[in-house]
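Input: a single structure, listed below in structure tokens.
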Amino acid sequence: MKKFVNDPKQFVPEMLKGIALANPDTITYVPEYNLIMRSDAPNNDKVSIVQGSGSGHEPAHVMAVGPGMLDAACPGDVFAAPPADYVFETAKRVASDKGVLLLVNNYTGDRMAFEMAQELAEAEDIKVATLFIDDDVAVQDSTWTVGRRGVAGNFFVIKAVGAKAEQGAELDEVIAVGEKVNSVTRTMGIALTACTPPAKGAPLFELADDEMEVGVGIHGEPGRRRAKLVSADEIVDELLGAVVPDLPYASGDRVALMINGLGGTPISELYLLFGIAAQKLADQGITVAKSYVGEYCTSLEMAGASLTLVRLDDEIEALLDAPASIVNRIF
Amino acid sequence: MKKFVNDPKQFVPEMLKGIALANPDTITYVPEYNLIMRSDAPNNDKVSIVQGSGSGHEPAHVMAVGPGMLDAACPGDVFAAPPADYVFETAKRVASDKGVLLLVNNYTGDRMAFEMAQELAEAEDIKVATLFIDDDVAVQDSTWTVGRRGVAGNFFVIKAVGAKAEQGAELDEVIAVGEKVNSVTRTMGIALTACTPPAKGAPLFELADDEMEVGVGIHGEPGRRRAKLVSADEIVDELLGAVVPDLPYASGDRVALMINGLGGTPISELYLLFGIAAQKLADQGITVAKSYVGEYCTSLEMAGASLTLVRLDDEIEALLDAPASIVNRIF
Amino acid sequence: MSGSLADVEFALRSVTRTVLDNEKYFGDLDAVVGDGDFGYSLARGFEIVDAQFDDFDRTDPGVFLTKVAMTISGRIGGTSGPIWGTAMLRLGSALKGSDTFDAADVVAGLRKAVEGIQARGKAELGDKTLLDSLVPAIDTLEQQIEAGASPTNAVAAMAATARQAADDTAKLQARRGRASYTGERSIGSVDAGATAIAVILEKLAQDYQAR
Amino acid sequence: MSGSLADVEFALRSVTRTVLDNEKYFGDLDAVVGDGDFGYSLARGFEIVDAQFDDFDRTDPGVFLTKVAMTISGRIGGTSGPIWGTAMLRLGSALKGSDTFDAADVVAGLRKAVEGIQARGKAELGDKTLLDSLVPAIDTLEQQIEAGASPTNAVAAMAATARQAADDTAKLQARRGRASYTGERSIGSVDAGATAIAVILEKLAQDYQAR
Ligand SMILES: Nc1ncnc2c1ncn2[C@@H]1O[C@H](COP(=O)(O)OP(=O)(O)O)[C@@H](O)[C@H]1O
Ligand SMILES: Nc1ncnc2c1ncn2[C@@H]1O[C@H](COP(=O)(O)OP(=O)(O)O)[C@@H](O)[C@H]1O
Ligand SMILES: [Mg+2]
Ligand SMILES: [Mg+2]
Ligand SMILES: [Mg+2]
Ligand SMILES: [Mg+2]
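Heads up: the sequence lines are chains D, R, F and B, in that order.
Each residue of the first sequence is one higher than the one before, starting from 1 at the first, in the working numbering.
Each residue of the second sequence is one higher than the one before, starting from 332 at the first, in the working numbering.
Each residue of the third sequence is one higher than the one before, starting from 663 at the first, in the working numbering.
Each residue of the fourth sequence is one higher than the one before, starting from 874 at the first, in the working numbering.
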């Protein structure tokens, strides 16, 4: 296992400690609950925004804490939803008069933990609501599953509800904006290599040297199909071919385009993919008005990328443009 | 080769096109010279800052273009210094009345290209100076080599000279600040895997499953020694053990600490390393006053990290704090 | 035949040990079409049960189980925390209020546990979850008890049913949990949760035998 | 014996072909202790020389070489662009101003090229660079010419010297270029640039033979 790690069981806590030490003035870390929160939260004039999920998707979601984004995040272990207690405690600590919005990527474990936490919070008269994010078009037959998965598109939901909350909006307004963004956001990913959870110490699946996994999940779940590795042009065709017709996005639309790295792919390749995708969208009459290239929601050190489109309107665009800053910063 | 790529020879141009399409309002791309520049450069009230180097280190340096940072960058092919002509053309296009500062990581090919370019530029009466960056402590015997290499520490030199230039300082003042920052900056890196240049299609070296390369270069150059992979704690000891005594950094110092990913290591592991290093520095009485965690100067998809320290004084700290924004952004 | 706190402690020690001993195996089972964390998640929770074993409130067998259940849902993440926590909570609630219980109480408690799992996870029989070995195993337990079998024999029969049922999950397509995203590709490998139930019951049967 | 533009064209075609045919081999040599881009860098430059071969200014052999040199330093990056570009520029300058040249002019031009390489790269003989095969090869050329050898034989002898000298670089520790960072680990493998000179001269000798 080629990782920087001490005891794999301490992987998440040691990462969280690093986040706290890198942001001593703005971030509070509560080890008992894997809790990272804005030191100035809660603000009673503002809905508090919380997201928890499994770890291993960094910068999502612990590093998305900051003004205009999340008030707190409480990750579980690698690829495991947080225990309900963590979520409840987090909601309690950032509970504001305006309420708490829990953002949940749509997976069985996460749904259950957040539902339990919501019940516990309501029992203590905390005003709380839950919003599910499910942007992954790779899951085709959702009759039998828990439905589509939440993946990189959650960044846009966080950004929009975070901005709306900063404006002092009420809980139901914040929820409405989040649901709207989720409803116009679609993602599809592709893996070139598997990933290795530290506690497992071995890759979750094997891909031959000339293979890729199309529609991969961010927990190493197999995707729609395994295929021969093809050129970047063809890969972009495959991703756009799944994402564009799904909403559908159509000629005349203004969109945000995100090329998200899955953890092991260098940013040079992500910009290369972005250039190809932006060009192909322009050829279809779709205008890329906002661009996002980098790592937003990863799967440990998996080599791969996902492509997300968000159909913009003036409201969404203004929310995406609003100032924000997070733990994960350049300067 | 597990990469998103079309024709490997077009890897760099296609990446640059992606950068241009993602930043249409602020960036100008000149394909003939692999040139990425601020669309509003040159500004005659400001020294222009240029860096060129081999590609494959992204976000360095093409993605470090923007206000308060570089005015332009002209990369060569992957791991190859740009041809002198590219550098000359770039200097010409951003030439301002206050002059042009060429930043060069200290490698044979880069030195030669920039020296030739400086001669060409001076022949056309462009006011130009060159500053070498050489922060890599891994190179121990520099009597016989071209000297120490420039690696992730170049971020701090760019940031400082970029801020100084924005203040309207003269060329010699900007150079003085750059030299000062370089003189108090030290880096050491460690690789867990090799990297594969797209045009080569195979890894530059092989590391066994339980091996690491200590003091690795960012072009796959072997480091000080190959060793058994050890725990994150021990790795941080190794890196600090090389970096701290070199300047030396001493109890009472205020420093900037950077944990830089080499391309294939997820940010979770980088924060884990940061937490350990910050703690160990505190134990030595060294205060981490500014923190940087993420990818700043990579080696394609190499799994690995480098640790950089900068000894701060009020001037350097203010320059690092000055506003800046670059191509490679989150929002 | 009637049971007491000592019986619950005996059973829980056995289960705890099995979960801790099989961390890697359970994880590997989950990695085939899931995300490989099942063994790890369970072990992190039962590790704490193990460490705090002597400290749980022992007012009666039901209270004891309830406290253990709260530790489990407080510490185990993923799908398994809510599922296993809820199951043990329901079983504990069913046994609460008396120092002893009989075999029929256990069957009724386990039925409540199954209801709890279904309330939380919305899974039906045949969706390829731990229910597919747990429910037939409870059926067998009930039949054995009605037929007057000894606890030792009843648990052995229960384990045999669970094993068979767990193996049979290989034929099913996953419709719940992380594995369901793989659609038809989930066919051909057994469900991790269902197999864990079989392994746990087999060890429990052995331990009863040796008691 | 005297040379003309046709001779320079002939030699340059041979060199160009060799560089393009050996892109991978040269890169692999550089990957041992360098960064593996040597073959790629050279090939990207000579590819353009090849494509524009008929378009270079042919005022005289020296002008022709000068123009080729500018293309090379304009397109080849890394260490090799400045090194090879400067070398060809100096050789071109030495031959400029006359339609013909003799063997002594070539030797003098190559000495100037070596000076240019040293001015740019600050390498000494023994630093494990292409100088370590180029300089002895030029010495041999000079001796052969003084001894009255035919051009074909002189180039063949030159190639043999370059090969021997290139192989001998395996014993040296790199002190310039990317390979120098590896210190003692560079001992045991030949220098990429020095070997490229040998390969180029061997092919040139063959081509002369077949001319
Ligand atoms: N909705 C559900 N109801 C009951 N059990 C379930 C459900 N979904 C999954 N499981 C069980 O949980 C096991 C996986 O647990 P775990 O690995 O902790 O979950 P996750 O999918 O969150 O990683 C599966 O093998 C299955 O037996
Ligand atoms: N300072 C120098 N002077 C002359 N030749 C050099 C020098 N440094 C390196 N070389 C030659 O260049 C070759 C490597 O070229 P190349 O791969 O283009 O350089 P880089 O190290 O920039 O990747 C070496 O094998 C060596 O022969
Ligand atoms: Mg999981
Ligand atoms: Mg190179
Ligand atoms: Mg799992
Ligand atoms: Mg090289």
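Virtual Cβ for every residue (Gly too), placed ideally from N, Cα, C.
Query, Result
"Provide the residue span of the alpha helix (DSSP H) that contains F88 of chain D, from first to last.", "84 to 94"
"To which residues of the same chain is Y627 of chain R closer than 7 Å at the C-beta, ignoring the five residues directly before and after it?", "P390, A391, A483, F486, M589, N591"
"With hydrogens ignored, establish whether the beta-carbon of S1059 of chain B is closer than 8 Å to any heavy atom of ligand 6.", "no"
"Under a CB-based cut-off of 9 Å, is V906 of chain B close to chain R?", "yes"
"What is the chain-ordered set of residues for which the beta carbon lies under 5 Å from any non-hydrogen atom of ligand 6?", "B:D903, B:G907, B:D908, B:D910, B:F911"
"Note the first and the last residue of the continuous alpha helix (DSSP H) segment covering K228 of chain D.", "Element bounds for K228 of chain D: not the alpha helix (DSSP H) but the beta strand (DSSP E), 225 to 228."
"Using a beta-carbon distance below 9 Å, is M447 of chain R in contact with chain B?", "yes"
"Taking Cβ positions only, does T439 of chain R come closer than 9 Å to chain B?", "yes"
"Any beta carbon from chain B within less than 9 Å of D456 of chain R's own beta carbon?", "no"
"I'd like to know whether the C-beta atoms of G383 of chain R and A351 of chain R end up nearer to each other than 9 Å.", "no"
"Relative to the C-alpha of D402 of chain R, which candidate in R:R369, R:I566, R:S427, R:V336 has its C-alpha closest?", "R:R369"
"Report the rounded CA-to-CA distance for E166 of chain D versus D45 of chain D, giving the unit in angstroms.", "9 Å"
"Checking the sheet assignment: what are the DSSP bridge partners for G876 of chain B?", "B:F974"
"In chain order, which continuous runs of the beta strand (DSSP E) of length 3 or greater are located wholly inside the stretch 267 to 300 of chain D?", "287 to 294"
"The alpha helix (DSSP H) spanning F700 of chain F covers which residue range?", "700 to 713"
"Of all Cβ atoms in chain F, is any one closer than 9 Å to the Cβ of E14 of chain D?", "no"
"Using a Cβ-Cβ cutoff of less than 7 Å, which residues in the same chain neighbour E510 of chain R once the five nearest sequence positions on both sides are dropped?", "L462"
"Does DSSP put A992 of chain B in a helix, a strand or coil?", "helix"
"To which residues of the same chain is E1075 of chain B closer than 8 Å at the C-beta, ignoring the five residues directly before and after it?", "A1032, A1035, R1036"
"Would you list the residues sitting across from F132 of chain D in a DSSP beta bridge?", "D:V104"
"Is any beta-carbon of chain R found at less than 9 Å from that of K995 of chain B?", "yes"
"Around the C-beta of F715 of chain F, are 16 or more other C-beta atoms found within 10 angstroms, so that it is buried, or is it exposed?", "exposed"
"Quick check on this structure: which residue in F:V695, F:S735, F:A749, F:G707 has the alpha carbon closest to the alpha carbon of D790 of chain F?", "Correcting the residue type first, residue 790 of chain F is Lys in the shown sequence and not Asp. Nearest C-alpha to K790 of chain F: F:V695."
"Where does T185 of chain D fall in DSSP's three states?", "strand"
"Okay, do the stretch 489 to 503 of chain R and the stretch 544 to 561 of chain R touch, 3+ Cβ pairs below 8 Å being the bar?", "no"
"For the beta strand (DSSP E) that contains V750 of chain F, what are its first and last residues?", "Correcting the residue identity first, residue 750 of chain F is Met in this sequence and not Val. Element bounds for M750 of chain F: not the beta strand (DSSP E) but the alpha helix (DSSP H), 742 to 757."
"Kindly examine ligand 5 and report whether one of its heavy atoms sits closer than 8 Å to the Cβ of R840 of chain F.", "yes"
"Identify which residue in D:E206, D:A324, D:A289, D:L192 has its Cα closest to the Cα of S306 of chain D.", "D:L192"
"Following the continuous beta strand (DSSP E) through S637 of chain R, name the residue where it begins and the one where it ends.", "635 to 642"
"With 16 as the cutoff for other CB atoms within 10 Å, does R840 of chain F come out buried or exposed?", "buried"
"By Cβ distance, which residues of its chain are closer than 7 Å to G739 of chain F, with the 5 residues on each side in sequence left out?", "S703"
"Using the C-alpha atoms, what's the distance from A194 of chain D back to E1062 of chain B?", "Before going further, note that residue 1062 of chain B is Ser rather than Glu in the sequence given. When rounded, the distance between both Cα atoms is 35 Å."
"Determine, using beta carbons only, whether V5 of chain D and E569 of chain R come nearer to each other than 9 Å.", "no"
"Beta-carbon of K228 of chain D versus every beta-carbon of chain F: anything under 9 Å?", "no"
"Give the C-beta separation of G440 of chain R and E14 of chain D to the nearest angstrom, bearing in mind that I take them to be a contact with Cβ-Cβ under 8 Å.", "The pair is not a contact, with the Cβ atoms about 39 Å apart (cut-off 8 Å)."
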